[in-house]
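Notes follow the structure.
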Amino acid sequence: MAEHLAWAGSTAVIDRSDTDPASGLRVAAAMLPTDHARRIVLVSDGRPTLGDTAAEVARLRRDGVRLDVHVVAPASGADVAVGSVRAPQVARPGETATIEADLVATAAQLVTVTLRRNDQPVDRRAVEVTAGTTTVSFTQPIDDSAQQRWEVLVSGPDNGRTQNDAGRATTRVAGRARVLLVEGVPDNAASVAAALAATGADVATADPTTLGGLNDLSAFDAIGLVDVPAASLSSAQTAQLDTAVRELGVGLVAIGGTSSFGAGDYLGSPLENLLPVVSEVPDDQRRSRVAQVFAVDVSGSMGACHCSEEGIGANARLPGGVEKTDIARDAAVKALAGMAPTDELGVLALDDRNRWLLDVSLVGNGATARRRMGGIEQTGRATSLGTSLQAAAAQLDKAQGTVRHVVLFTDGFTSGEALTGLTAQAAQLRDSGITVSVMGTGEGAARQLRQIAEAGGGRYYPGRDLQLLPDLLLQETKVVSRQLIVEGEVVPVRTSVDPMVASLDAAPPLRGYLATTARPTAATHLQVGEHDDPLLASWRVGLGTVAAWTSDAGRRWSAPWAAWDGNPEFWSGVFRATFPHPAGAARLSFADGEGRVEAVFDDDVPDGAAVEGRVTDPSGEVSTVRLERIDGRRFAGAVPAGRAGSYAVGVTATLDGAAIAAVSATADSGFSREYLDRGADGSRCGHGAHSPAAAAT
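Spelled out as structure tokens, the structure:
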């Protein structure tokens with residue numbers, strides 16, 4: 089109907105993919121004054137794809153709002169659509185799969201049908217279709233990819249709607265265990281990947297920017313997040329991880345590092361909701377008195393500039409954007425909220441000289457620090473960071489704090505020699521008990537800045553989004569003050585006989601970990617440190633199992649484990665304990681805009697058991713459907729299918745409140761019901777309302 093509502097000069101952007109009269113009526117009613125007679129005119133083809141229109145019409149009637157419905161028949165014409173695609177749910181490499189597609193046409197015509205596998209065309213043919221449904225069949229050998237994503241496309245001379253020209257199905261390829269490792273830092277998962285491969289798993293790696301969608305995630309038995317900051321995953325990616333675990337039973341293992349858990353802003357995030365540990369330690373006695381220096385680059389390059397990650401030359405600087413010194417100043421002020429009055433703070437401005445805006449002194453009420461931070465302004469002078477860390481260390485050596493720390497703000501636009509020198513200085517400071525973190529205010533010299541932070545035993549925060557820096561510095565201050573990062577030799581203690589650690593009789597010590605708190609319903613398998621902090625914990629989330637390892641993957645704290653003979657068996661045990669173990673199979677299918685889920689359990693389901701499916705639609709909304717019994721092991725039910733995209737369903741059989749079996753499936757609906765040729769139906773949206781005669785267009 090959107091094409092009928094366009095008019096010259098309109099700037100409204102109308103989403104044509106669905107029809108939701110209920111939402112429109114609700115908004116319209118809210119806009120009407122209550123002291124006048126109220127009337128709404130609804131113009132529609134009467135074919136909603138979303139929302140509960142009947143309920144909204146009833147509410148309007150109760151509230152005394154008159155509703156006039158003008159039914160407009162949609163534009164008609166010849167069309168051909170892919171109604172549904174069917175393929176095996178599971179197959180083995182070397183087997184032959186049959187892929188069937190139902191083509192729905194309004195009139196006979198010669199069309200071209202293309203089959204694509206994993207985005208590559210593998211078959212194309214001309215097909216004579218008749219008015220109604222024509223089924224076309226393909227056969228294809230199964231290769232050893234993790235999954236075969238089939239897509240059927242149709243084109244023809246009389247094709248009024250292109251939005252319904254594709255349908256999809258997925259075949260999971262059975263075989264070796266498959267694990268996806270998502271790395272916050274390139275190659276950070278190398279030790280874990282090698283351990284899993286040595287025990288027979290197929291291992292793939294990705295970074296947060298290349299993490300696939302729900303169908304891609306469902307191809308793996310487990311997913312590992314290796315030192316991944318919460319902010320590097322979009323809300324959509326986190327929601328898809330949640331669905332993969334909760335509804336599909338995919339395992340999840342969160343592995344620590346200097347940018348994860350409490351150091352990665354997990355606390356209170358949707359990602360943390362999946363984990364068996366909370367990224368906080370409530371014991372105030374573990375808070376240390378901190379002495380730290382904010383060393384801020386105020387040189388000319390810290391003016392308005394967005395910078396690329398490729399290098400530090402003039403071509404890497406792109407004019408425009410905010411003053412980076414303004415962001416640094418805001419970050420420093422905000423970080424005061426994470427400091428106690430007895431902490432000590434100094435502020436050092438850096439250009440071609442070192443200039444103390446605030447000598448290292450007690451924070452107190454923060455008023456003096458805030459006033460002095462006003463001096464963080466871009467000077468236009470050259471950048472020479474060469475002695476900055478030494479200057480900070482000279483004052484920190486006189487401080488009373490038990491934890492001494494430097495945070496260096498810079499865009500890295502200085503000589504490579506200067507950055508190499510800073511790396512050496514950072515290592516010297518670390519040897520003397522002073523740690524160094526780096527906040528990149530831009531992305532110049534990213535690799536060298538990361539090296540400075542690693543040498544200084546701190547963390548590196550890339551400045552891809554400068555607006556995040558104030559929150560990141562506050563987070564950094566909390567990490568330092570609450571000792572969320574615990575470094576030093578510690579020996580793990582096994583605290584359970586779970587299969588995850590059953591074979592772990594002895595292991596090397598670790599060099600550090602992140603302090604967290606195990607959730608009350610989580611199982612803690614390994615503890616570490618003087619406070620018995622969780623090192624390895626797990627719990628169930630829906631159909632899935634999630635584990636958390638609070639040390640790292642072997643680059644820094646777990647290096648002794650990476651070289652240990654038992655490392656492959658250990659990591660294999662951790663990941664395999666999270667693998668799904670379905671008690672049967674499920675199929676999710678779509679045809680003519682309607683969805684259906686079928687579940688077949690391995691064993692008969694007792695009488696009296698309830699079988700329900702939790703369906704997650706492409707928008708992330710979850711609905712529950714009840715499946716009816718077909719026979720002792722088979723159940724089926726209808727699935728709401730208003731939106732186009734990927735759906736997931738987890739089906740659970742329960743008896744007396746306890747789950748006795750579970751299966752899951754994913755499928756793609758292809759296109760919205762909006763693009764089916766269904767004619768007009770005024771009864772769908774005008775029941776009980778004044779409804780003038782249908783108007784033809």
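Everything in the sequence shown is counted per my numbering, starting at 89 for the first residue and increasing by one. All C-beta atoms, glycine included, are put in the ideal place defined by N, C-alpha and C. These numbers were taken from a predicted model, which means no experiment stands behind them.
Cutoff 6 Å; reference residue i; Cβ partners in own chain excluding five residues on either side
{"i": "G683", "result": "V727, A729"}
{"i": "W652", "result": "P596"}
{"i": "T258", "result": "Q235, R237, N303"}
{"i": "G399", "result": "Reliability fails at G399, whose pLDDT of 36 lies under 50, so the model's placement of it is uncertain and the value that follows must be treated cautiously. Excluding positions up to five away in sequence, the list is empty."}
{"i": "A636", "result": "A342, L363, P364, V365, A625"}
{"i": "A603", "result": "V369, L572, V574, D621"}
{"i": "T511", "result": "Q539, I540, A543"}
{"i": "G733", "result": "P706"}
{"i": "P558", "result": "D418, A419, K422"}
{"i": "H493", "result": "Q380, T523, V568"}
Selected residue, minimal CA-CA separation from residue i, among the options
{"i": "F689", "options": "I748, V703, A671", "result": "A671"}
{"i": "G544", "options": "I522, T529, L562", "result": "I522"}
{"i": "K422", "options": "D447, F382, M390", "result": "F382"}
{"i": "R114", "options": "A125, A146, V699, H124", "result": "A146"}
{"i": "P229", "options": "R204, Q251, T223, R213", "result": "R204"}
{"i": "A479", "options": "G434, D315, G248, T609", "result": "G434"}
{"i": "D620", "options": "V578, D640, S707, T298", "result": "V578"}
{"i": "G463", "options": "T413, A482, S449, F663", "result": "T413"}
{"i": "V273", "options": "V217, T293, P181, L592", "result": "T293"}
{"i": "A481", "options": "E505, S591, N442, M461", "result": "N442"}
{"i": "R460", "options": "G426, G337, S660, V384", "result": "V384"}
{"i": "L631", "options": "T742, I573, F678, K566", "result": "T742"}
{"i": "G337", "options": "A673, A175, L438", "result": "A673"}
{"i": "I63", "options": "D695, V153, E183, G733", "result": "The structure shown does not extend to residue 63, since the chain is modelled only from 89 through 785, so no value can be given for it."}
{"i": "A419", "options": "V713, D719, T704, M527", "result": "M527"}
{"i": "D123", "options": "D151, E657, G112, L130", "result": "D151"}
{"i": "A611", "options": "S591, R731, T633", "result": "T633"}
{"i": "A641", "options": "A282, L321, V495", "result": "A282"}
{"i": "V451", "options": "F663, V168, E432, D440", "result": "E432"}
{"i": "P587", "options": "Y601, F667, A534", "result": "F667"}
{"i": "R664", "options": "F226, R174, G339, S323", "result": "G339"}
{"i": "A324", "options": "R174, R374, T297", "result": "T297"}
Same chain, Cβ closer than 8 Å to residue i, neighbours up to 5 away in sequence not counted
{"i": "A195", "result": "A166, A219, D246"}
{"i": "N361", "result": "D330"}
{"i": "R212", "result": "T200, V201, T202, L203"}
{"i": "R458", "result": "V421, L424"}
{"i": "A470", "result": "S387, G388, D439, D440"}
{"i": "P780", "result": "Model confidence at P780 stands at a pLDDT of 39, short of 50, so the residue's coordinates are unreliable; what they give is reported in the following sentence. Excluding sequence neighbours, P780 sits near D156, V157, H158."}
For residue j and residue i, believed in contact at Cβ under 8 Å, the rounded distance
{"i": "R675", "j": "A753", "result": "6 Å"}
{"i": "S476", "j": "L507", "result": "Wrong, their Cβ atoms sit about 11 Å apart, outside the cutoff."}
{"i": "V365", "j": "A606", "result": "5 Å"}
{"i": "G255", "j": "D232", "result": "Actually they are not in contact, since the Cβ atoms of G255 and D232 sit about 25 Å apart, beyond 8 Å."}
{"i": "A318", "j": "S357", "result": "4 Å"}
{"i": "G301", "j": "V267", "result": "18 Å between Cβ atoms; not a contact."}
{"i": "V740", "j": "A750", "result": "Just to set this straight, residue 740 is Thr in the shown sequence, not Val. Rounded, the Cβ-Cβ distance is 5 Å, consistent with contact."}
{"i": "V215", "j": "T222", "result": "7 Å"}
{"i": "Q536", "j": "G504", "result": "7 Å"}
{"i": "D69", "j": "S172", "result": "Any question about residue 69 goes unanswered here, given that the chain covers just 89 to 785."}
{"i": "V168", "j": "Q197", "result": "7 Å"}
Residue i vs residue j beta-carbon contact at 8 Å
{"i": "R721", "j": "D691", "result": "yes"}
{"i": "S525", "j": "R547", "result": "yes"}
{"i": "E335", "j": "L355", "result": "no"}
{"i": "L715", "j": "V693", "result": "no"}
{"i": "V448", "j": "A487", "result": "yes"}
{"i": "G344", "j": "T565", "result": "no"}
{"i": "V567", "j": "G661", "result": "no"}
{"i": "G489", "j": "R582", "result": "no"}
{"i": "V242", "j": "W659", "result": "no"}
{"i": "D499", "j": "S646", "result": "no"}
{"i": "D253", "j": "V192", "result": "no"}
{"i": "V616", "j": "L598", "result": "yes"}
Cβ-based neighbour list, residue i, same chain, cut-off 7 Å, excluding 5 preceding and 5 following
{"i": "A402", "result": "Unreliable positioning characterises A402 in this predicted model, as indicated by a pLDDT of 34, which lies under 50. The coordinate reading is nonetheless provided below. Excluding residues within five positions, none has a Cβ falling inside 7 Å."}
{"i": "R260", "result": "Q177, V178, Q235, A307"}
{"i": "H775", "result": "For H775, the predicted structure reports a pLDDT of 44, less than 50, and the residue's modelled location is therefore unreliable. The matter cannot be settled from this model."}
{"i": "D744", "result": "none"}
{"i": "W95", "result": "Because W95 carries a pLDDT of 49, less than 50, the predicted location of this residue cannot be relied on, and the following value inherits that uncertainty. So the list is empty, once near-sequence residues are dropped."}
{"i": "N276", "result": "V314, D315, G345, A641, R643"}
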